[in-house]
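These notes are about the structure you will find just below.
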Amino acid sequence: MIQYLEENKNPRGILWATVKNPKVLPEPKYENTFHLHTTFQFNVKRDDWEDYIGMVFKGIGKWNTWNDEIQAVKVILPFPLRKISKNENPHITISAKTGVKPVKSNDMLLGDFNKELLDKEIEFEIEFKEF
Numbered sequence: 000m001i002q003y004l005e006e007n008k009n010p011r012g013i014l015w016a017t018v019k020n021p022k023v024l025p026e027p028k029y030e031n032t033f034h035l036h037t038t039f040q041f042n043v044k045r046d047d048w049e050d051y052i053g054m055v056f057k058g059i060g061k062w063n064t065w066n067d068e069i070q071a072v073k074v075i076l077p078f079p080l081r082k083i084s085k086n087e088n089p090h091i092t093i094s095a096k097t098g099v100k101p102v103k104s105n106d107m108l109l110g111d112f113n114k115e116l117l118d119k120e121i122e123f124e125i126e127f128k129e130f
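So in numbering that gives the first Met the number 0 the end of the sequence shown lands on 130, straight run, no missing numbers.
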């Protein structure tokens, strides 16, 4: 019981950065859209990231990418934040076909995909999403 109470004081969740200016992003290509964010780390303890939560920063949406299932914007993070992101290809999942999970954008960015230059400044805010 004591261990459970201690864990609730320092919950686990996702450290991500939510898009603050979504109008700069491309129109969705597919029917399902998602909460617009880039994930830094998954299954982390909130207390470990308190200094970052609420931080606002600017990144570059470099490429609008897609395949026959999913669409994502490839993001270039400012240097200090690149070190905390565990995502090999920082991105924002924009849309997907029905039944396709947003995590599939990671697979897409490791393989073949279409792309067009976007080159837009995107404003983000770091948040912690508790499980």
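Glycine residues also receive a C-beta, built at the ideal position from the N, C-alpha and C atoms.
This structure is a prediction, so every number in the text was calculated from the model and none was measured.
Sub-7 Å separation of residue i and residue j beta-carbons
i: E124; j: V43; result: no
i: K85; j: Q40; result: yes
i: K22; j: Q70; result: no
i: V99; j: E120; result: no
i: K57; j: E126; result: no
i: A95; j: N20; result: no
Alpha carbon of residue i to alpha carbon of residue j, nearest angstrom
i: F33; j: I93; result: 6 Å
i: R25; j: I91; result: Checking the sequence, you will find Pro at residue 25 rather than Arg. Each residue's alpha carbon lies about 11 Å from the other.
i: L80; j: D50; result: 12 Å
i: D111; j: T97; result: 20 Å
i: E87; j: N105; result: 8 Å
i: P101; j: I75; result: 19 Å
i: P77; j: T17; result: 15 Å
i: P89; j: H36; result: 10 Å
i: G53; j: D46; result: 13 Å
i: W48; j: K103; result: 26 Å
Nearest-angstrom Cβ-Cβ length linking residue i and residue j, presumed shorter than 8 Å
i: T38; j: W65; result: Contact flag wrong, Cβ pair sits at about 19 Å.
i: K73; j: L108; result: 7 Å
With a cut-off of 8 Å, do at least 3 Cβ pairs link the region 9-17 to the region 117-130?
Because the criterion of three Cβ pairs below 8 Å is met, the region 9-17 and the region 117-130 touch.
Okay, do the region 107-119 and the region 60-69 touch, 3+ Cβ pairs below 8 Å being the bar?
Three or more beta-carbon pairs drawn from the region 107-119 and the region 60-69 are found closer than 8 Å, and the two stretches are therefore classed as touching.
Hey, which unbroken runs of the beta strand (DSSP E) at 3 residues or more fall wholly within the region 17-102?
Fully enclosed beta strand (DSSP E) runs of 3 or longer: 36-44, 55-65, 69-75 and 90-95.
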